[in-house]
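*Asks:*
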Amino acid sequence: NGECIAGEFLCDGKVNCRDSSDETQVECTKPEILCPAYAFRCKYGACINGDNVCNGIQDCVDNSDETQPECTRNNQTSARPLCRYNEFTCTDGQCISKTNLCDGNKNCVDGSDE
């Protein structure tokens, strides 16, 4: 619509333009829109902080951050919390950063990350 916004607000998961043109699949899937390693890419292409996935709050305009398979409990009766998008679930349910997987160090108490 001709409205100008700062580049950092393009495809950030929040509508900044009155016509929502800053959060469209056309804009957010352009090759120059890259998500940092810690981020989650919404289905339509925007990047949000990976810690905001499955937190019960819609951060992606299309709500894809709250509809990931990790957000549901796969029919388990366990009361343990789910790990975040950027975390690995150890066999015992402990959550560790995915960056610690197969790094030669046992970060899970049960060693299941190695």
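In the working numbering, the protein residues as written are 84 to 197. Even for Gly, the Cβ is constructed at its ideal location relative to N, Cα and C. These numbers were taken from a predicted model, which means no experiment stands behind them.
To which residues of the same chain is Ile88 closer than 8 angstroms at the C-beta, ignoring the five residues directly before and after it?
*Replies:* Asn99, Cys100 and Asp105
*Asks:* Could you tell me which whole alpha helix (DSSP H) segments of length 4 or greater appear in the stretch 103–135?
*Replies:* 108–111
*Asks:* Identify, in the order they occur along the chain, each residue of the same chain with its Cβ nearer than 8 angstroms to the Cβ of Lys181, setting aside the five sequence neighbours on each side.
*Replies:* Asn169, Glu170 and Phe171
*Asks:* Confirm, please, whether the CB-CB distance from Gly90 to Cys143 is below 9 angstroms.
*Replies:* no
*Asks:* Could you name the residues of the same chain whose beta carbon sits closer than 6 angstroms to that of Cys111, not counting the 5 residues immediately before and after it, in chain order?
*Replies:* Non-local C-beta neighbours of Cys111 in its own chain, meaning closer than 6 angstroms and more than five positions away in sequence, comprise Cys94, Tyr127, Gly128 and Ala129, ordered along the chain.
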